[in-house]
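Residue numbers (the working numbering): 550 to 820.
Read the structure below first, then the notes.
And the structure:
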């Protein structure tokens with residue numbers, strides 16, 4: 550009987566170990582499918598209330614990035630370069646553009662490779678490449694870095710933080726930011742060796758200390774995807790001048806109301 554129990558124990562333990570190894574291998578090879586969701590769609594019924602030019606910005610590796618450019622006055626107003634999050638296409642940001650368009654700014658919203666019908670594969674390295682290339686494109690249009698405001702949304706905050714840590718811009722806006730993908734992944738997969746498995750890290754908590762541009766961090770307390778404490782940690786580690794908007798009622802998709810717009814407008818007025 551004792552031998553039977555031990556045999557059963559070893560069989561059960563072996564099954565658990567094999568299952569754990571299988572899950573770990575699956576997560577390693579499938580992790581970018583879990584992180585990037587180009588086919589996800591929301592807000593498709595929002596009416597476009599702004600005039601824009603649709604254009605395609607070519608990268609050095611022959612990827613064409615579909616983009617929308619709202620031009621008001623390139624010589625008079627700052628230009629917001631908007632980096633969207635890990636899901637959806639340009640249409641998913643119409644509700645935000647409708648509101649941002651009420652401000653005295655030009656706006657360039659780009660879509661990442663593999664998003665909005667673009668070719669290519671998403672990755673941290675490729676997104677940094679895309680972000681830098683679009684900054685170069687704006688420079689070619691006569692818009693210098695000191696007239697560009699980087700605006701990152703969720704995953705896009707990782708790209709904005711990377712670029713701003715290496716160059717000085719007019720300003721940086723981070724909406725619902727994370728400290729790092731590793732920190733976020735540990736919330737969802739606490740049983741996995743995240744630091745060993747992770748391919749894309751977006752280590753914003755270390756890079757933000759290198760940003761010397763004015764920065765505005767916005768994060769809702771009810772965010773159940775990226776906890777607000779990450780935005781608070783980034784704000785604590787950011788250099789001055791720094792500004793914040795941490796509402797109690799907003800979740801990950803922050804509400805574009807008068808208060809939020811006031812904070813963005815106030816921030817831009819100080820640049």
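The C-beta atom is built at its ideal place from N, Cα and C for all residues, glycine as well.
I need the straight-line Cα distance from residue i to residue j, nearest angstrom please.
i           : j           : result
residue 564 : residue 556 : 12 Å
residue 692 : residue 701 : 19 Å
residue 815 : residue 791 : 12 Å
residue 573 : residue 721 : 36 Å
residue 601 : residue 629 : 14 Å
residue 642 : residue 676 : 18 Å
residue 780 : residue 632 : 17 Å
residue 812 : residue 717 : 21 Å
residue 650 : residue 644 : 10 Å
residue 867 : residue 797 : With the chain running from 550 to 820 in the structure shown, residue 867 is simply not present.
residue 710 : residue 571 : 34 Å
residue 582 : residue 748 : 12 Å
residue 569 : residue 669 : 32 Å
residue 778 : residue 560 : 43 Å
residue 577 : residue 731 : 13 Å
residue 594 : residue 558 : 56 Å
residue 591 : residue 579 : 24 Å
residue 690 : residue 620 : 12 Å
residue 653 : residue 740 : 48 Å
residue 810 : residue 562 : 56 Å
residue 806 : residue 789 : 26 Å
residue 685 : residue 567 : 49 Å
Please go through the same chain and pick out, in chain order, the residues whose beta-carbon is closer than 7 Å to the beta-carbon of residue i, but skip the five residues on each side of it.
i           : result
residue 635 : 584, 585, 586, 703, 704
residue 774 : 801
Leaving aside the five residues before and after residue i along the sequence, list all residues of the same chain whose C-beta is less than 6 Å from its C-beta, in chain order.
i           : result
residue 683 : 606, 659
residue 800 : 769, 771, 772
residue 793 : 766, 784
residue 589 : 636, 637
residue 674 : none
Are the Cβ atoms of residue i and residue j separated by less than 8 Å?
i           : j           : result
residue 755 : residue 712 : no
residue 662 : residue 597 : no
residue 707 : residue 738 : no
residue 656 : residue 817 : no
residue 618 : residue 639 : no
residue 672 : residue 615 : no
residue 729 : residue 753 : yes
residue 575 : residue 647 : no
Could you name the residues of the same chain whose beta carbon sits closer than 8 Å to that of residue i, not counting the 5 residues immediately before and after it, in chain order?
i           : result
residue 719 : 627, 694, 695, 696, 697, 698, 762, 763, 820
residue 667 : 612, 613, 614, 615, 660, 661
residue 678 : 608, 609, 610
residue 736 : 776
residue 687 : 628, 630, 657, 697
residue 808 : 794, 796
For the ligand SAM, is there a heavy atom less than 7 Å away from the beta-carbon of residue i?
i           : result
residue 778 : Although the ligand SAM was asked about, the structure shown includes no ligands whatsoever.
Cβ of residue i less than 8 Å from any chain C Cβ?
i           : result
residue 736 : Of the protein chains in the structure, only one exists, and it is not chain C.
When you compare the stretch 774-790 with the stretch 620-635, are there three or more beta-carbon pairs, one atom per stretch, that lie closer than 8 Å? no
contact_flag[the stretch 801-820, the stretch 722-741] where n(CB pairs < 8 Å) is 3 or more: yes
Restricting to runs no shorter than 4 residues, where is the alpha helix (DSSP H) found entirely within the stretch 671-709? 673-689
Any chance the stretch 757-764 sits against the stretch 731-747, with 3 or more Cβ pairs inside 8 Å? Short answer: they don't touch.
Runs of alpha helix (DSSP H) wholly within the stretch 623-680 (minimum 4 residues, chain order): 643-649
At which residue ranges does the stretch 710-767 contain complete beta strand (DSSP E) runs of 3 or more residues, listed in the order of the chain? 720-724, 764-767
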